[in-house]
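Residue numbers (our numbering), protein chains in the order written: chain A, 1 to 412; chain B, 1 to 412. Note that the Cβ used here is the ideal one computed from N, Cα and C, for glycine as well. Every value quoted in this text rests on a predicted model; they were computed, and no experiment measured them. Remarks on the structure that follows.
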DNA sequence: CACTATTTGTTCAGCGATTGAATTATTTGG
DNA sequence: CCAAATAATTCAATCGCTGAACAAATAGTG
């Protein structure tokens, strides 16, 4: 890993078309309203002739379709609007978590075309068993997608833990997994999707990362850089910089739960002391609210807290204020370091956002140097608990949009 | 600022050559030993014919020269090694700090060809006055460069503060600057260099950012991602990810000095409490070591502390241990968040590294989840106090290497 | 209703850059 | 001295973009 900046592969003759396919498709995807070929030519600086040729490739590859006459006023031949095809490739998103499995299918345009959640406590089951159930769920999702005329172009699996490049789950504490080689365990099943352009048929990634991508995907007009915090039993963060997920040197970025917020404070199971998780993790909040022994399923605990807080329970309000302050201390550090202007409260934090937001904002305005010039926005996530599954499917779709050549080569 | 990922400009016909110029030049720059045209063809996948054509452009543009016969063994026509030209374009690096001005010139190959430091307390002077002195220093640097056959292709100025896109210094607390429009103040002087490819003749950037780039530049075989910490009166950090500087949404990333390390601890001039700067900043270390009133020049304070620590002064050792622990707490949070595997102690921390390193490492191993699998390296910076000036010059050189077409168009 | 202005999208010759094979250049080894 | 081997160049072919001309389709105008 030496420092060879920008060493992209050489640009061969055909790469030109590959790159322009991506450029044009990216513009179509990012546009507010269906652009015409002429619009695209003006935006990109390419000739109308070139854009026409590129668009023709995209249309025959079923990535783009012509929309109804665009609402363009004025004289002249009416433009034909271009939109992402709703019946071409789609992404399969899977999620495996402590007490549920989920599968969903998202089409190119970003619409969720299929969604199933299977509730079950997975901790007693072996990884192989859990994955077998997941394959079953995925099979049904694929059947539904096929029935709708969609073709799955890849799959991504969200796991609540650290995943290495090979797709092995190195550590998923709440699931009780350690060094689980997901791809080889899945090899006994028929492949979920075909490999496209060298990308394996199933990509495994961290839940917090994919949830952040889901948020990016669900709100195309939102900011291009933000911090997405998933508050579950552990606290994970997905860092989106300039529209792309930042994964860190080894893909293990975002462990915000173990940022120290009180250096010699409560001992943490990670071995350190005073980690954020001990103050703003789900268990810590429940304990502070006097609900320690309630043993609620992970995904209902947040809803329950929100309900109690809404009815004005004093100890719950106090617990949330304390958690929000701890969260704010950690977030202030992150914002100082990365200069982000948006923080999204996701996962279990989303329903609690009304109570967490004020203390988080207070700490930010106290501690962030640049907050005076440009304020930091703190808002709840748009997607709910299934953000990771949707984000996983969206990551597949996004890969097609940023590199359409692979799909086109496959589709013929 | 909407989320339009990877919306690079379209790829026009001529971009092909532009991109391949960058690819080939980048390989030559990154190579361990002078590569031949055939090596480059094999590495990049381009044809030997194409590589020859590209290399010819680079040679006539004075970016590359043929080295002495390469030490290649075996039969066949001997290869002609290609190296970065030492007599073509060069970068001018400038630095303005509390008690000195610096100018240096770095050639394409990365050698420092000129270096001047002018010591003077700049706080009493107006920004315009300080900049006038800097222009004088820069003029002499340029004269020296010209005498050596070099052509300045751009300049960069390092400032200890926050700089916006336009080059205005929004806030440089230790210099006492606020909203200083550097480019327009410099407009009264003749331009230091010509504009190349739309980049203004002088780029203003944060000192910590440029120092990190200097480190990247000084150690080409080092890691591609690291955190570089400049410990001066304030504490700044430069974040290098994958060989590129990460600047944040607005270019104000790296304010590590105000990460909370003891949330309700000592009040900080930023308005917060318990900021790292209050525990590991130069003033804090001096105070803890019982040297508060010494009023040392900023750049000798570190040397003095190192000297005292080397001779075993107990209170200095204690102060450094305490500072190192605070630094370690903050760094652990950063490493958890960004998953970096290398931390470089730069600026005033470099000479103190022998004493700071152990407590920093201790906090990291306590608090970083992934430290067990892949250890985090903490090491002193290679460059000394002038890292920022060298890094500034290096940033100019780096821009030429990553985008040679601009220079070639200018050179004709 | 005919006519013009206007904008969109396509067609086509031209051109620049890459390609692949053939050719030349230069050295080692027998 | 000759064959083998490797490096670099030459050159016709090809691929994709360019620019201009052209066809298509509509709104406005008298």
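Neighbour list for residue i in chain A, Cβ cutoff strictly below 8 Å
i	result
residue 355 of chain B	In chain order: nothing, as chain A lies at least about 19 Å away.
Where residue i meets chain B, residues with beta-carbon distance less than 8 Å
i	result
residue 256 of chain A	336, 337
CB contact below 8 Å: residue i versus chain A
i	result
residue 262 of chain B	yes
residue 28 of chain B	no
residue 161 of chain B	no
residue 101 of chain B	no
residue 271 of chain B	yes
residue 16 of chain B	yes
Selected residue, minimal CA-CA separation from residue i, among the options
i	options	result
residue 434 of chain B	B:403, B:407, B:230	As displayed, chain B neither begins before 1 nor continues past 412, which places residue 434 of chain B out of reach and without an answer.
residue 330 of chain B	B:224, B:366, B:409	B:366
residue 120 of chain B	B:209, B:108, B:95	B:95
residue 48 of chain A	B:28, B:155, B:12, B:395	B:12
residue 53 of chain A	A:77, A:25, A:31, A:99	A:25
residue 394 of chain B	B:154, B:278, B:193	B:154
residue 226 of chain B	B:364, B:373, B:124, B:338	B:338
residue 127 of chain A	A:46, A:186, A:230	A:186
residue 406 of chain B	B:305, B:63, B:104	B:63
residue 143 of chain B	B:164, B:192, B:168, B:268	B:192
Neighbour flag for residue i against chain B, beta carbons, 8 Å
i	result
residue 407 of chain A	no
residue 168 of chain A	no
residue 93 of chain A	no
residue 366 of chain A	yes
residue 2 of chain A	Confidence is the limiting factor: at residue 2 of chain A the pLDDT is only 34, short of 50, which leaves the residue's position unreliable, though a coordinate-based value still follows. Answer yes: the Cβ-Cβ gap between residue 2 of chain A and chain B drops below 8 Å somewhere.
residue 327 of chain A	no
residue 253 of chain A	yes
residue 349 of chain A	no
Sequence-distant residues of the same chain with beta carbon closer than 6 Å to residue i, five excluded per side
i	result
residue 258 of chain B	270, 275
residue 353 of chain B	345, 380
residue 398 of chain A	none
residue 209 of chain B	238, 245
residue 321 of chain B	359
Chain A contact residues for residue i, given Cβ-Cβ distances below 7 Å
i	result
residue 20 of chain B	10, 11
Residues near residue i by beta carbon distance below 7 Å, same chain, minus five either side
i	result
residue 134 of chain A	94, 96, 101
residue 290 of chain A	315
residue 107 of chain B	86, 90, 113, 150
residue 130 of chain B	96, 122
residue 224 of chain B	242, 243
residue 57 of chain A	21, 408
residue 4 of chain B	Confidence at residue 4 of chain B is low in this model, with a pLDDT of 38, below 50, so its placement is unreliable and no value can be given for it.
Chain-ordered neighbours of residue i on chain B, where CB pairs are closer than 9 Å
i	result
residue 250 of chain A	339, 341, 370, 373, 374
Proximal chain B residues relative to residue i, where beta-carbon distance stays under 7 Å
i	result
residue 333 of chain A	259, 260, 333
residue 225 of chain A	249
Partner residues on chain A for residue i, Cβ-Cβ distance less than 9 Å
i	result
residue 395 of chain B	Here the premise fails: no neighbours, minimum Cβ distance about 11 Å.
Sequence-distant residues of its chain with Cβ nearer than 8 Å to residue i (five each side left out)
i	result
residue 303 of chain A	351
residue 43 of chain A	27, 35
residue 384 of chain A	350
Contact test: residue i Cβ vs the ligand MN heavy atom, cutoff 7 Å
i	result
residue 270 of chain A	Ligands are entirely absent from the displayed structure, and the ligand MN is therefore not among its contents.
Self-check item: Residues within the segment 206-221 of chain A neighbouring chain B, beta-carbon criterion of under 7 Å
Solution: If the cut-off is 7 Å between Cβ atoms, the segment 206-221 of chain A has 216, 220, 221 near chain B.
Self-check item: Cβ-based contacts, 8 Å cut-off: residues of the segment 37-53 of chain B near chain A
Solution: Here the close residues are 44, 45, 46.
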